[in-house]
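See structure below.
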Amino acid sequence: MQVKPMLKPEINPELKTWLYASGSLTQQLTDLAKGSFKVLPTQEHFQRLHFIDSQWMNMPPQHTSWVRESYLYGCDEQPWVKAKSIFPILSLQSRARIFQHIGKKPIGWFLFHRTNPNCQRRVILLEEGWTRQSCYTWHGCKFIVQETFLPAFEQFIQQKKAQENI
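The numbering of the sequence shown is the numbering used here, which starts it at 346 and goes up by one.
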């Protein structure tokens with residue numbers, strides 16, 4: 346029996362722009378939605394770092410992290426982005442401790458407020474959709490922000506492009 350390798354689907358060109366954009370996704374989504382933007386936290390908990398994430402941040406794999414999961418909404422009723430932020434405990438003992446107590450405020454507002462943090466990025470395809478993972482170094486603290494662009498967002502940007510082409 347011959348096994349055929351699975352090919353990743355091509356990234357929609359409009360979505361590719363979003364996956365590789367630099368700067369604040371919070372601000373970019375707010376601009377796209379003409380000022381409408383909200384964060385709905387769904388879960389906050391402590392967990393051990395996944396091995397691949399610990400390697401990326403140069404942390405021991407047994408290290409504990411604080412994880413915040415949320416949905417980001419633009420001007421639609423459906424969420425546009427599923428976000429997950431991973432903060433190693435060492436980062437929470439420093440300036441990044443503010444992220445543990447921001448409630449419904451977007452991380453991007455604090456992250457990019459008068460700063461331009463160092464960022465390493467990778468793009469992967471998860472079950473929910475195309476995802477960008479960013480490893481930020483902010484005031485000496487390392488953490489990961491993962492943003493999965495959901496089908497409602499892809500539909501919105503495709504409709505917007507179609508309207509622009511009329």
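Cβ atoms here follow ideal geometry from the backbone N, Cα and C, with glycine treated the same way.
Just so we're clear, the structure is a prediction, and the values are computed from it rather than from any experiment.
Residues that DSSP places opposite residue i in a beta bridge
i: K416; result: Checking the displayed sequence, the identity of residue 416 turns out to be Tyr instead of Lys. According to DSSP, Y416 bridges with L385 and K427.
i: H390; result: V412
i: R477; result: V468 and E492
i: W483; result: C486
Close-in-space but distant-in-sequence residues of the same chain around residue i (CB under 8 Å, 5 per side omitted)
i: M402; result: L394, P433, C480, K487, F488 and I489
i: V426; result: L370, L374, Y416, L417, E492, T493, F494, L495 and F498
i: H408; result: R393, L394, S399, P433, I434 and L435
i: F396; result: P406
Nearest candidate by alpha-carbon position, reference residue i, set the options
i: T362; options: R459, E422 and I502; result: I502
i: Q465; options: T482, A428, L456 and G453; result: T482
i: F382; options: W411, Q423 and E414; result: Q423
i: V412; options: Y365, W475, I431 and L437; result: I431
i: S410; options: A441, R477, E509 and H458; result: A441
i: I356; options: A507, K506 and G474; result: G474
Three-way DSSP call (helix, strand, coil) for residue i in this model
i: P433; result: strand
i: L470; result: strand
i: R459; result: coil
i: E492; result: strand
i: Q500; result: helix
Backbone CA spacing between residue i and residue j [nearest angstrom]
i: I443; j: Q504; result: 37 Å
i: I379; j: H390; result: Looking at the sequence itself, residue 379 is Lys, so the reference to Ile does not match. Taking the straight line joining both Cα atoms gives about 32 Å.
i: H458; j: E472; result: 32 Å
i: Q388; j: D421; result: 22 Å
i: V468; j: Q372; result: 20 Å
i: P354; j: L364; result: 15 Å
i: K506; j: D376; result: 15 Å
Close beta carbons around residue i, own chain, < 6 Å, minus the five adjacent residues each side
i: K449; result: V384
i: A428; result: S415, L417 and E492
Contact with chain D by residue i, beta-carbon distance below 8 Å
i: L495; result: You won't find chain D in this structure, because it holds only one protein chain.
Neighbourhood of residue i by C-beta, 7 Å cutoff - its chain only, sequence neighbours within 5 removed
i: P405; result: S399
i: Y462; result: Here the sequence assigns Pro to residue 462, which means Tyr is not the residue at that position. Answer for P462: L456, Y481, T482 and W483, listed in chain order.
i: I452; result: S430, F444 and V490
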